[in-house]
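Position 92 (the sequence shown) corresponds to 92 in full-length UniProt numbering; numbering is contiguous. As structure tokens, the structure follows; a few thoughts come after it.
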Amino acid sequence: MHDSWNLWHFAVHALAVHGIAPLLVWLHVQGMTDSPTDIATALMISAAEVACIVLLFRPLESLIPAEHWPDRRFARIDRFYTLLKYFGVLPIFVYLLFQPAVFEIGRLFGDSGSGADGPSSLISLQELLPWLRGHDVVQFVIYFALFDLVYYLIHRLQHAVPWWWALHSLHHSQRQLNCWSNDRDHYLDDLFELLIITGVSYVIGVQPVDYALLIVLGDLVQIFSHANVRVRFGKVLDKILVDPVYHRHHHMVIDPERPHLHDCNFALVFPLWDILFGTALYGEKRHPCGVDDPAIDADNEKSFLGQQWAGLQRFWNALRGRQTAADQPERLA
């Protein structure tokens, strides 16, 4: 274990010194974003998540598949989404665009608390709940629960607001739900999520290390919940964490005889929110995944750029009130 940590730190240091630092200097954004070590650590964590998918979740899909497919031709594009997001779009946007922009805005308005670490928070959870001081684990669990509640509410809106569903429907168009599908999103949809979550983290004062851990743990649960595996966590644990069977119900094609059955299981990590708000569905048989609308289902035959463009077209139609059937949102349960 000690040797593994040494190897990890060596890899992070090498990437930071020989890769990230020179790049930040060349782009003239050093000091305006996270440190090279922090960025290198984030990239290494992304690599570890991808390794988890490749070495664990993907083999499980072959061993205990929930659905048997003659081929994985619809699933392959989701792998591209994940790799591009982890090693391209996300680091470029966060470290080279978003954080430098926040830095410049803070400097413009004379906010001495702004910088690579972001401005100070509006609310301190420890000030609201003084007894949390010294109880880091409890505080982290509360942060995790709050973030998941926000994600739950966002998810409900993604299915209820016409223009948001026009974007989010890309994620639901996948017929072959698989271990790479978590990152099959429209990038404008991702941007709206990121702005809200970043805003919440600023308001309640989540520290950068806690924020990173929240995102990583949440991602791992969500990646596994999309996997094509016959895995249930049991009658107790499946009320605590979202498992693949639970989340697969959320991706079911609409049942004409029960048209609102799929308005369920919106929670991303903790089913508690579905249970509290009456959207939890347990004990249902497995249904095919995807959508029943041909215009959205056509995403499966498109390229990456084709899918992104189709999502933008649906989004624009929804904003202008020119909704086709594909743009109609799913009703809240």
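Glycine is no exception: its CB is placed at the ideal position from the N, C-alpha and C atoms. Model, not experiment: these values are computed from the prediction.
Cβ shell of residue i (< 7 Å), same chain only, five flanking positions each side left out
| i | result |
| --- | --- |
| Arg232 | Asp238, Asp243 and Val245 |
| Tyr37 | The question names Tyr, but residue 37 in the sequence shown is Thr. Val12 and Ala16, listed in sequence order. |
| Tyr151 | Leu268 |
| His247 | Ser225, His226 and Asn265 |
| Ile20 | Pro36, Ile39 and Ala40 |
| Leu60 | Ala227 and Val229 |
| Val29 | Leu96 and Pro100 |
| Ser173 | Gly290, Val291, Ile296, Asp297, Asp299 and Asn300 |
| Asp210 | Phe140 and Tyr143 |
| His251 | His172, Leu177 and Cys289 |
Strand pairing of residue i, partner residues [DSSP]
| i | result |
| --- | --- |
| Cys289 | Met252 |
| residue 334 | The displayed coordinates of the chain run from 1 to 333. Any statement about residue 334 would go beyond what the structure contains. |
Neighbour-count burial assignment, residue i, 16 or more Cβ in a 10 Å radius
| i | result |
| --- | --- |
| His18 | exposed |
| Arg286 | exposed |
| Ser169 | buried |
| Val12 | buried |
| Ser303 | exposed |
| Gly118 | Bear in mind that the predicted position of Gly118 carries a pLDDT of just 47, short of 50, making it too unreliable to give a figure here. |
| Trp223 | First, the residue type needs correcting, since residue 223 is Ile and not Trp in the sequence shown. Result: buried. |
| His249 | buried |
| Asp274 | buried |
| Phe10 | exposed |
| Leu56 | exposed |
| Phe103 | buried |
| Ile197 | buried |
Segment limits, alpha helix (DSSP H) that includes residue i
| i | result |
| --- | --- |
| Trp164 | Pro162 to His172 |
| Met44 | Pro36 to Cys52 |
| Leu276 | Leu272 to Phe277 |
| Thr198 | Tyr187 to Ile204 |
| Pro70 | Looking at the DSSP string, Pro70 is not in any alpha helix (DSSP H), and its letter there is neither H nor E. |
| Leu97 | Leu97 -> no alpha helix (DSSP H), and no H or E assigned at all. |
| Ser62 | Arg58 to Leu63 |
| Asn317 | Phe304 to Leu319 |
| residue 342 | This structure gives no information on residue 342, because the portion of the chain shown stretches from 1 to 333. |
| Leu24 | Ala21 to Leu27 |
| Tyr81 | Arg76 to Leu84 |
| Gly234 | Gly234 to Leu237 |
CA-to-CA distance, residue j to residue i, given in whole angstroms
| i | j | result |
| --- | --- | --- |
| Leu43 | Val94 | 12 Å |
| Ser35 | Ile154 | 31 Å |
| Thr41 | Ala14 | 11 Å |
| Leu63 | Leu83 | 24 Å |
| Gly306 | Asp299 | 8 Å |
| Ile92 | Pro256 | 43 Å |
| Asp3 | Tyr202 | 37 Å |
| Trp5 | Gln99 | 29 Å |
| Val253 | Gln176 | 12 Å |
| Ala310 | Pro162 | 15 Å |
| His135 | Val200 | 21 Å |
| Val54 | Thr33 | 31 Å |
| Ser213 | Val141 | Note that residue 213 is Leu in the sequence shown, not Ser. Spanning the two alpha carbons is a distance of roughly 11 Å. |
| Gly113 | Ile204 | For Gly113, the predicted model reports a pLDDT of 48, less than 50, meaning its position is unreliable; a value from the coordinates is still stated below. One C-alpha to the other measures close to 15 Å. |
| Gly283 | Cys52 | 29 Å |
| His68 | Leu195 | 38 Å |
| Gly115 | Gly31 | Note that Gly115 scores 47 on pLDDT, short of 50, meaning its location in the model is unreliable and no value can be drawn from it. |
| Ala227 | Asp78 | 12 Å |
| Leu268 | Ala160 | 17 Å |
| Val206 | Glu193 | 17 Å |
| Val89 | Gln139 | 31 Å |
| Asp297 | Pro288 | 13 Å |
| Ser225 | Leu108 | 43 Å |
| Gly290 | Val25 | 45 Å |
| Leu27 | Leu188 | 25 Å |
| Asn178 | Pro70 | 14 Å |
| Gln158 | Phe144 | 21 Å |
| Gln308 | Arg73 | 18 Å |
| Val236 | Leu146 | 22 Å |
| Leu281 | Leu191 | 29 Å |
Own chain residues within Cβ distance below 6 Å of residue i, not counting five before or after
| i | result |
| --- | --- |
| Ala166 | Arg314, Phe315, Ala318 and Asp327 |
| Ser46 | Tyr86 |
| residue 340 | For residue 340 there is no data in the structure shown, the boundaries of the chain being 1 and 333. |
| His171 | Arg184 and Asp185 |
| Phe270 | Asp148 |
| Trp180 | Asp78, Arg79 and Thr82 |
| Asn182 | Gln222, Ile223 and His226 |
| Arg58 | Cys179 |
| His262 | Met252 and Ile254 |
| Leu23 | none |
Own chain, CB closer than 8 Å to residue i, minus 5 neighbours either side, in chain order
| i | result |
| --- | --- |
| Phe80 | Phe304 |
| Glu49 | Tyr86, Val216, Asp219, Leu220 and Ile223 |
| Trp8 | Met44 |
| Glu301 | none |
| Leu276 | none |
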